[in-house]
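2 protein chains.
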Amino acid sequence: MNKQDTQRLTKRAALLKSLAHPSRLLMIEMLEKAPRCVGELTEAVGSDITTVSKHLAVLRRVGLVHVEKHGTYSEYSLACDCVTHMLDCIESGMGKTVRGSTCETPKPENKQKK
Amino acid sequence: MNKQDTQRLTKRAALLKSLAHPSRLLMIEMLEKAPRCVGELTEAVGSDITTVSKHLAVLRRVGLVHVEKHGTYSEYSLACDCVTHMLDCIESGMGKTVRGSTCETPKPENKQKK
DNA sequence: ACAATTATTGGCGATATTGCCAACAATGTC
DNA sequence: GACATTGTTGGCAATATCGCCAATAATTGT
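Those sequence lines, one after another, are chains X and Z. First residue of the first sequence? That's 1 in the working numbering, and the numbers climb one at a time after it. First residue of the second sequence? That's 115 in the working numbering, and the numbers climb one at a time after it.
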């Protein structure tokens, strides 16, 4: 793996990793509809507010969300509609590739010769 | 977070997590072009073959790739073109949302008065 | 049967992620 | 000022991921 690929793929992996958590996905779905403050997201997610705050920090770090302070409130919003589009793609892909939770049916009866 | 959402989002997160590694992304890019055996992927990735094999197991578990044995070789292939499409969506989204590696620039003037 | 090739699995240490608590910071209210 | 509200950060234990080595399986060739 050359240096350029490593850099490109590492960056892409970081974005995917930031999405790869149920709570963060829920938060993003909520932010698709409207901007929200941390308290609202916390209630929806059902974890401690400090946990949610850290999840939001993850999303901030990769640039998926923006934050705007209003008084003591932090209003989070999606950085871009592309996030929605990305997740739509993933969902449509899921229906086709991931059938069950373990979709790969191991077929040992491949008697092919090379 | 209700039970249904939890299940749906956990599943989606699992798929994203399986994609969220540079080596696995490279392997998928290679498989987009043609089916490959583990050795070929190993050479491209540059890690130990056992590491690559485990990465492939991750992709198998979520159903992103298929494997077909030919003699002692395991020929891996993409389960579906949707994977390609998904990653294209992600790439196009990246250009717009993730500018730098740290794109969210918070206020630099944090006067700490402790 | 034996050895070589290809790949997978178990195990281990190193590292990263997750979720909560306590502490702290920032703002608004009395 | 004192106090409450809203978020963030540090720290910690539990858990998961990662990458390599050793061992194993499966197949092919001699």
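Quick reminder that beta carbons are idealized off the backbone N, C-alpha and C, glycines included. Just so you know, these numbers come straight off a predicted model, no measurement behind them.
With a threshold of 9 angstroms between beta carbons, is residue i in contact with chain Z?
{"i": "X:H70", "result": "no"}
{"i": "X:V52", "result": "no"}
{"i": "X:C37", "result": "no"}
{"i": "X:S74", "result": "no"}
{"i": "X:K17", "result": "yes"}
Here's the rule: buried if 16 or more other CB atoms are within 10 angstroms of the residue's CB, otherwise exposed. What is residue i?
{"i": "Z:A148", "result": "exposed"}
{"i": "Z:E146", "result": "exposed"}
{"i": "Z:E189", "result": "buried"}
{"i": "Z:I163", "result": "exposed"}
{"i": "Z:S137", "result": "buried"}
To which residues of the same chain is residue i closer than 7 angstroms at the C-beta, ignoring the five residues directly before and after it?
{"i": "Z:V197", "result": "I142 and L178"}
{"i": "Z:A193", "result": "G177, L178, V179 and H180"}
Starting from the C-beta of residue i, find all residues in its chain whose C-beta is less than 8 angstroms away, skip the five residues before and the five after it, and write them out in chain order.
{"i": "X:M94", "result": "none"}
{"i": "Z:T216", "result": "For Z:T216, the predicted structure reports a pLDDT of 35, less than 50, and the residue's modelled location is therefore unreliable. The matter cannot be settled from this model."}
With a threshold of 9 angstroms between beta carbons, is residue i in contact with chain X?
{"i": "Z:E154", "result": "no"}
{"i": "Z:H169", "result": "no"}
{"i": "Z:V172", "result": "no"}
{"i": "Z:K71", "result": "Lying outside 115 to 228, the shown extent of chain Z, residue 71 of chain Z is not represented and no answer is given."}
{"i": "Z:E146", "result": "no"}
{"i": "Z:S191", "result": "no"}
{"i": "Z:I163", "result": "no"}
Starting from the C-beta of residue i, find all residues in its chain whose C-beta is less than 6 angstroms away, skip the five residues before and the five after it, and write them out in chain order.
{"i": "Z:V172", "result": "S132"}
* Inspect the CB distances between the region 163 to 179 of chain Z and the region 115 to 123 of chain Z and report whether three or more fall short of 8 angstroms. => Cβ pair count under 8 angstroms is below three, so no.
* Asked: Does the region 67 to 86 of chain X come close enough to the region 171 to 188 of chain Z to have 3 or more Cβ pairs within less than 8 angstroms?
  -> No: the two stretches stay apart, fewer than three of their Cβ pairs being nearer than 8 angstroms.
* To do: Entirely within the region 26 to 98 of chain X and at least 4 residues each: give me those alpha helix (DSSP H) ranges in chain order.
  => List check, alpha helix (DSSP H) in window: 38 to 45, 49 to 61 and 82 to 97.
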